[in-house]
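These notes are about the structure you will find just below.
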Amino acid sequence: MTEPARAHSRARSRTPARHDDRPVVTGIGVAAPNGLGTPAYWAATLDGKSGLGRITRFDSDRYPVRVAGEVSEFDATDHVPSRLAVQTDHWSHLGLTAADMALRDAGVDPAALPEYEMAVVTAGSSGGTEFGQREIEKLWSQGPGYVGVYQSIAWFYAATTGQISIRYGMRGPCGVICAEQAGGLDVLAQGRRLLRQDARVVVTGGTDASLCPYGLVAQISTGLLSTRDDPERAYLPFDDDACGYVPGEGGAMLIMEDADAARARGARPYGAVAGYAATFDPRPLPGQEPRSNLRRAITLALREARIEPGEVDVVFADALGVPAHDRLEAQAISAVFGPHGVPVTAPKTMTGRLYAGGASLDVATALLAIRDGVIPPTVGVRAASPAYELDLVRSTAREGPVRNALVLARGHGGFNAVLLLTAT
0 MTEPARAHSR ARSRTPARHD DRPVVTGIGV AAPNGLGTPA YWAATLDGKS GLGRITRFDS
60 DRYPVRVAGE VSEFDATDHV PSRLAVQTDH WSHLGLTAAD MALRDAGVDP AALPEYEMAV
120 VTAGSSGGTE FGQREIEKLW SQGPGYVGVY QSIAWFYAAT TGQISIRYGM RGPCGVICAE
180 QAGGLDVLAQ GRRLLRQDAR VVVTGGTDAS LCPYGLVAQI STGLLSTRDD PERAYLPFDD
240 DACGYVPGEG GAMLIMEDAD AARARGARPY GAVAGYAATF DPRPLPGQEP RSNLRRAITL
300 ALREARIEPG EVDVVFADAL GVPAHDRLEA QAISAVFGPH GVPVTAPKTM TGRLYAGGAS
360 LDVATALLAI RDGVIPPTVG VRAASPAYEL DLVRSTAREG PVRNALVLAR GHGGFNAVLL
420 LTAT
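So the sequence shown is numbered by numbering that gives the first Met the number 0: it starts at 0 and just counts up by one.
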């Protein structure tokens with residue numbers, strides 16, 4: 000802990016000085032297109048098993064995008080109480096399920112903890128689009144009297160946070176961060192702030208589920224989605240044949256705790272949050288080339304963690320799959336670590352980009368990589384473009400010690416976030 004942090008701690012009469020100021024992750028819950036539950040997801044990811052396929056949640060024949068990552072094994076009736084399921088969107092169903100998995104994994108019993116010392120902060124992106132579309136259809140086909148009362152809350156970005164808080168009696172600080180993919184890292188930084196104040200346990204992470212006509216049309220409008228019908232060739236970040244990304248649903252929820260408190264109760268952390276930074280890329284003026292401040296975010300996160308570039312064992316790339324964006328990300332990575340200077344991977348090629356859930360799932364994956372000493376692969380990419388100068392882990396997992404893992408995330412609109420995870 001730095002001297003300013005010690006002074007701040009002494010100034011807070013209710014908060015004792017802490018030996019280790021790096022919060023730890025003690026629980027992981029995953030709902031992903033290639034696996035429901037952490038063990039299933041991790042096994043599929045290490046095997047290079049993709050969850051991408053033809054959209055089945057609705058008839059996509061008339062849409063230019065027909066491939067996505069669906070959590071096909073999921074049935075809300077198996078995981079969410081019926082009274083709660085009717086009030087919430089599919090996106091919240093996935094979040095509630097993952098949060099329950101994470102709490103069980105961490106061995107945390109919310110009923111045994113002070114209600115005001117438990118916090119919830121999740122990432123939001125699309126909101127409850129499927130629920131909203133259903134109610135809008137009722138509005139124009141049957142009239143306002145047929146619109147359900149839960150429409151007013153089910154679509155809202157904070158719905159998952161609120162429902163988790165209510166379900167487990169968590170009445171500490173609660174919130175939501177909306178920064179698309181970057182928000183999945185921003186919420187862990189916010190969780191860290193809450194743990195440095197009065198929170199004892201923070202439920203954090205994110206999910207998304209916007210594979211309905213209304214949601215898909217909104218995504219298509221960005222012009223960044225892949226329109227290929229072949230699931231094996233639709234999403235190819237850092238490949239000369241890249242043509243955009245594939246959307247997906249799902250994500251991960253995580254349990255964060257103070258390191259000393261976790262040790263005191265006998266928890267076995269997956270890893271610690273050692274560094275974080277966020278930057279923003281302004282919209283370029285007419286005639287200007289796009290600029291990226293991702294490199295600066297990487298440098299700041301490493302500096303906060305007091306980790307040198309040579310100590311990083313793997314980078315989990317944002318991997319948009321759009322050549323211009325891939326080039327900017329590759330340049331940022333190479334500028335910090337040198338050409339081919341660090342293993343880079345993008346397991347999201349097996350799930351699609353999950354927006355608010357994507358970076359949180361990358362964090363979960365990075366923590367599992369630290370635990371097991373293995374880097375999961377990037378699938379589909381036959382040959383990484385030499386122009387990017389990346390050591391891309393392709394096709395099969397790469398074994399080796401993983402002590403420090405860097406996760407990158409960029410959100411549509413210019414958001415950048417970087418998180419450094421380290422072994423405990």
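Don't be surprised by glycine CBs; every beta carbon is placed ideally from N, CA and C.
- When the five nearest sequence neighbours on each side are left out, the beta carbons in the same chain lying within less than 6 Å of the beta carbon of residue 48 are those of 33, in order along the chain.
- Counting C-beta atoms within 10 angstroms of its own C-beta, residue 196 has fewer than 16 neighbours from the protein chains shown and is therefore classed as exposed.
- Taking 8 Å as the cut-off, the beta carbon of residue 355 is found closer than this to the beta carbon of residue 207.
- Judged by DSSP in its simplified three-state form, residue 219 adopts helix.
- In this structure, the alpha-carbon of residue 412 lies about 8 Å from that of residue 178.
- Bounds of the alpha helix (DSSP H) holding residue 44 are 37-45.
- According to DSSP, residue pairing for residue 352 in a beta bridge involves 246.
- Taking the CA atoms as reference points, residue 284 sits about 23 Å from residue 416.
- Rounded to whole angstroms, residue 158 and residue 338 show a C-alpha spacing of 43 Å.
- By alpha-carbon distance to residue 240, the top candidate from 404, 310 and 323 is 323.
- Contact between the stretch 206-220 and the stretch 241-249 is present, with at least three C-beta pairs closer than 8 Å.
- The three-state reading of DSSP puts residue 386 in helix, counting H, G and I together.
- Look at residue 176 here: in three-state DSSP terms it is strand.
- DSSP places residue 159 within a helical segment (H, G or I) once states are collapsed to three.
- In the three-state DSSP reduction, residue 319 falls in the coil class, being neither helix nor strand.
- Beta-bridge pairing by DSSP links residue 409 to 415.
- DSSP places residue 205 inside the beta strand (DSSP E), whose first and last residues are 200-207.
- Looking at 162, 54 and 144, the one whose alpha-carbon comes closest to that of residue 88 is 162.
- Beta-bridge partners of residue 342 (DSSP): 390.
- Exclusion of the five residues before and after residue 126 leaves 154 and 156 as the residues of its chain whose Cβ lies within less than 6 Å of its Cβ.
- Excluding the 5 residues flanking it on each side, residue 396 has same chain C-beta neighbours closer than 7 Å at 45, 373, 374, 375 and 376, in chain order.
- Check the Cα spacing between residue 176 and each of 189, 63, 72 and 169: the tightest is with 189.
- In the DSSP secondary-structure assignment, residue 377 is bridged to 393.
- Contact check for residue 31 against residue 419 fails: the beta carbons are separated by 8 Å or more.
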